[in-house]
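Protein chains in written order, with this note's numbering: chain Z, 1305 to 1523; chain P, 1305 to 1523. Heads up, the thing below is written out as structure tokens.
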DNA sequence: GCGATAATGTGTACACTGTACACACAGTAG
DNA sequence: CTACTGTGTGTACAGTGTACACATTATCGC
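What follows is the structure, encoded as structure tokens:
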């Protein structure tokens, strides 16, 4: 820790000190401002970190590797958005209400994040990758759970509350995720963009109604 | 129509004859084989058409313009996949059955196309654009309807059959679309890729069950 | 048929990207 | 102090999109 960066982009010491993190942050900014993963460029990231282009290769094997790191950060952001929404549900309510609200909180947080950070949201899901190593802290929120695990948590509460059978619980993540993810895509990229926020909220409620009706025992 | 292309990539005449179409076809191939819109490169398309790079600018204003043309072709392909599935429903069945089968056919064709042509599917939806001019023949199937309109048709049948109220019909496209589109994304890019085809089919049925349960009057 | 004009394809050029290779500097272990 | 290892630099090359001037061909008015 002996670099003096002088905080104005310039640095005086030969070594940066925390280039990996600086590149990641630059990548996140690029994805956010550029509206998606295509906007994250290795050279531009190094430029913003005040460093030569090839310095990046000491920390990321390739551009794709950097994009994956940005993707992890984006997933973590999504997880935090969901956690924030879940923190607002009343735990003292009756179990059925609690379970329902939890499930809706996941969907609400999900869509909120997509609308607030479309560039990061696209980066989180546009990029196909390794398929392994999804449950890592880089992709998790403060609770240590990634978005997928948070959804599972909400569904478990539904199961505990008797809202769904064990058979219905099986694979329910994918059913619920499909609906909410599809809505998010339609809102940010599809025919529903430029829809006023309250209309998005209304549509989100209807989608969540559908998820509940189609996934849980009607009672 | 006086070019002699000799059909082997080479051409002898100065003019190509149908370069616009040739570039579009090359673009479609690139999107298909490259797995998405990023793979469609202007220079590569001109190379495949046996023409200088800048010749493309006589027919497409920019790379983005070409990608949009590929997107239209991809949407048309999706429309045809849906039409093919809808052609299989029994029109002589009772109206309720007919309406239900129509709706399921849309979802089935949608997911089938996504799985069969992931590169084109991504191209059809990854690219945000003008928002206007969606109902054009370039994006339609043989029936002259684009995928969205085909979904509307199936939903109208549900309305006619008394399966849903007029209020439920309002905006139902977006609800149904959300669910199916989300599933398609999960299957080709998300945690569900490499899921065996029959498992995808089963999950698709559950999603369609959810759509029905959440969207239509229960009777 | 013939010449003007519009349509279409070519050539050169530039800025930008990712990344391979050899080199320079700096911190650490022996 | 000397190696060695980790990190950042410089140069280089292939690939991309696209702007500009030019060449070739098709078409239209005569």
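Positions of the beta carbon are idealized from the N, C-alpha and C atoms, including for glycine.
For this session: Specify the secondary structure class of residue 1482 of chain Z as computed by DSSP and reduced to three states.
Result: helix
Problem set entry | Complete runs of the beta strand (DSSP E) confined to the segment 1351-1417 of chain P [at least 3 residues] | none
For this session: Go ahead and label residue 1396 of chain Z buried or exposed: buried means 16 or more other beta carbons lie within 10 angstroms of its beta carbon, across all protein chains shown.
Result: exposed
For this session: Within its chain, find whatever has a CB closer than 8 Å to the CB of residue 1439 of chain P; leave out the 5 residues flanking it on each side and keep chain order.
Result: 1450 and 1453
Exercise. Are at least three pairs of beta-carbons, each pair with one atom in the segment 1489-1500 of chain P and one in the segment 1474-1494 of chain Z, less than 8 Å apart?
Worked result: yes
Exercise. Taking a cut of 8 Å between CB atoms, which residues from the segment 1471-1483 of chain Z lie near chain P?
Worked result: 1475, 1478, 1479, 1481, 1482 and 1483
Exercise. Taking all protein chains shown into account, do 16 or more other C-beta atoms lie within 10 angstroms of the C-beta of residue 1406 of chain Z, making it buried, or fewer, making it exposed?
Worked result: buried
Problem set entry | residue 1422 of chain P in three-state terms, based on DSSP | helix
Problem set entry | Inter-residue Cα distance where the pair is residue 1346 of chain P and residue 1423 of chain P | 17 Å
Exercise. So is residue 1305 of chain P buried or exposed if we call it buried at 16+ other beta carbons inside 10 Å?
Worked result: Reliability fails at residue 1305 of chain P, whose pLDDT of 37 lies under 50, so the model's placement of it is uncertain and no value is given.
For this session: Leaving aside the five residues before and after residue 1431 of chain Z along the sequence, list all residues of the same chain whose C-beta is less than 8 Å from its C-beta, in chain order.
Result: 1341, 1371, 1372 and 1375
Exercise. What are the residues of the segment 1362-1379 of chain Z that lie near chain P, defined by any Cβ-Cβ distance shorter than 7 Å?
Worked result: none
For this session: Mind reading off the beta-carbon distance from residue 1353 of chain P to residue 1330 of chain P? Whole number of angstroms is fine, and I expect it under 8 Å.
Result: 6 Å
For this session: Starting from residue 1337 of chain Z, follow the alpha helix (DSSP H) in both directions and report where the run begins and ends.
Result: 1323-1338
Problem set entry | Closest Cα partner of residue 1510 of chain P within the set Z:1515, Z:1428, Z:1495 and Z:1364 | Z:1515
Exercise. Thinking just about the alpha-carbon of each residue, which of P:1387, P:1500, P:1504 and P:1403 is nearest to the one in residue 1460 of chain P?
Worked result: P:1403
Problem set entry | Option nearest residue 1429 of chain Z by Cα separation, candidates Z:1350, Z:1464, Z:1379 and Z:1505 | Z:1379
Problem set entry | Contacts around residue 1357 of chain Z, its chain only, beta-carbon distance under 6 Å, and the 5 residues preceding and following it disregarded | 1347 and 1350
For this session: Look at the alpha carbon of residue 1328 of chain Z and the alpha carbon of residue 1322 of chain Z, and state the distance between them as a whole number of angstroms.
Result: 10 Å
For this session: Starting from the C-beta of residue 1485 of chain P, find all residues in its chain whose C-beta is less than 8 Å away, skip the five residues before and the five after it, and write them out in chain order.
Result: 1414 and 1429
For this session: Report the three-state DSSP secondary structure of residue 1474 of chain P (helix, strand or coil).
Result: coil
Problem set entry | Of the residues P:1385, P:1387 and P:1326, the one placed nearest residue 1359 of chain P, counting alpha carbons only | P:1326
For this session: Thinking residue 1467 of chain P and residue 1400 of chain P are a contact (beta carbons under 8 Å), I'd like their distance in whole angstroms, please.
Result: 6 Å
For this session: Verify the CB distance criterion: does residue 1427 of chain P have a CB-CB separation below 9 Å to chain Z?
Result: no
Exercise. Beta carbon of residue 1389 of chain Z, beta carbon of residue 1412 of chain Z: below 9 Å?
Worked result: yes
Exercise. Would you say residue 1430 of chain P reaches chain Z, if we count a Cβ-Cβ gap shorter than 9 Å as a contact?
Worked result: yes
For this session: Can you give me, in chain order, the residues of the segment 1507-1518 of chain Z that have a beta carbon less than 8 Å from any beta carbon in chain P?
Result: 1507, 1510, 1511, 1513, 1514, 1515, 1516, 1517 and 1518
Exercise. Using 9 Å as the limit for Cβ to Cβ distance, is residue 1320 of chain Z near chain P?
Worked result: no
Exercise. Is there at least one Cβ from chain Z nearer than 9 Å to residue 1438 of chain P's Cβ?
Worked result: yes
For this session: Please work out which residues of its chain come closer than 6 Å, Cβ to Cβ, to residue 1312 of chain P, disregarding the five sequence neighbours upstream and downstream, and give them in chain order.
Result: Note that residue 1312 of chain P has pLDDT 45, beneath the 50 cutoff, so the model's placement of it is unreliable and no number is given.
Problem set entry | Residue-level contact to chain P via CB, residue 1468 of chain Z, 9 Å cutoff | no
Exercise. Residue 1464 of chain P: which of P:1398, P:1324, P:1391 and P:1364 sits nearest, CA to CA?
Worked result: P:1398
For this session: Spell out whether any CB of chain Z is found under 9 Å from the CB atom of residue 1455 of chain P.
Result: no
Exercise. To the nearest angstrom, how far is it from the Cα of residue 1332 of chain Z to the Cα of residue 1493 of chain P?
Worked result: 21 Å
For this session: Name the residue from Z:1520, Z:1318 and Z:1381 whose alpha carbon lies nearest to the alpha carbon of residue 1444 of chain Z.
Result: Z:1381
Problem set entry | Per-residue contacts from residue 1495 of chain Z into chain P (C-beta, under 9 Å) | 1435, 1438, 1452, 1477, 1478 and 1481
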